[in-house]
Amino acid sequence: MKENDENIEIVSNMKDAIQYNMDLESKRKKLHLKSDHALCGAVVLNTKTNLSLNRASELLYVDYDDAVKEKANLSKIEKPSTSKAKKFLEIINK
């Protein structure tokens, strides 16, 4: 659906995407991390819906390469790789 050069697209699983975005925002606040909300939105749309990261970044007017970097950063928050990082996240999430 394109009208007046606006990027409007039907997105499946929007409820899951919004909940996931809220969870990520909560984690970022607990860790005192600053990030670009539009980049996070592109990653969320890619992760929880049927949109590719390239298309999600186009919809939110962000650079694709920056979205790829943000996706890598967010994966570190969700799945820490070292035992110290896991313990740190356990302490913060209490």
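Per the working numbering, the sequence shown runs over residues 11 to 104. Every residue, glycine too, gets a C-beta built ideally from N, C-alpha and C. Keep in mind it's a predicted model, so treat the numbers as computed, not measured.
- Message: Could you check whether L43 and A77 sit closer than 8 Å to each other, using their CB atoms as the reference points?
- Response: No, the Cβ-Cβ distance between A77 and L43 is not below 8 Å.
- Would you decide whether Q56 is buried or exposed? Buried here means 16 or more other CB atoms lie within 10 Å of its CB. Here the sequence assigns Asn to residue 56, which means Gln is not the residue at that position. Buried, because 16 or more other Cβ atoms sit within 10 Å of the Cβ of N56.
- Please name the residue in E19, K58, K96, N83 whose C-alpha comes closest to that of I28. Cα-wise, what sits closest to I28 is K58.
- For M11, which three-state DSSP category applies? Summary for M11: the model assigns pLDDT 49, below 50, so the residue's position carries little reliability; its value from the coordinates is reported in the next sentence. Judged by DSSP in its simplified three-state form, M11 adopts coil rather than helix or strand.
- Roughly how many angstroms lie between the CA atoms of K40 and A66, to the nearest whole one? For K40 and A66, the distance between alpha carbons rounds to 26 Å.
- Task: Rank K81, D75, K37 by C-alpha distance to the C-alpha of G51 and give the top, closest one.
- Result: Out of K81, D75, K37, the CA that lies nearest to the CA of G51 is found in K81.
- Rounded to a whole number of angstroms, what is the C-alpha to C-alpha distance between E19 and I102? E19 and I102 have their C-alpha atoms roughly 37 Å apart.
- Query: Is the beta carbon of V21 less than 8 Å from the beta carbon of L34?
  - Reply: Result no, Cβ atoms of V21 and L34 do not sit closer than 8 Å.
- So L63 and Y74 are in contact, right, with Cβ under 8 Å, and what is the actual spacing, rounded? In this structure, L63 and Y74 form a Cβ contact; the two beta carbons are roughly 7 Å apart against a cut-off of 8 Å.
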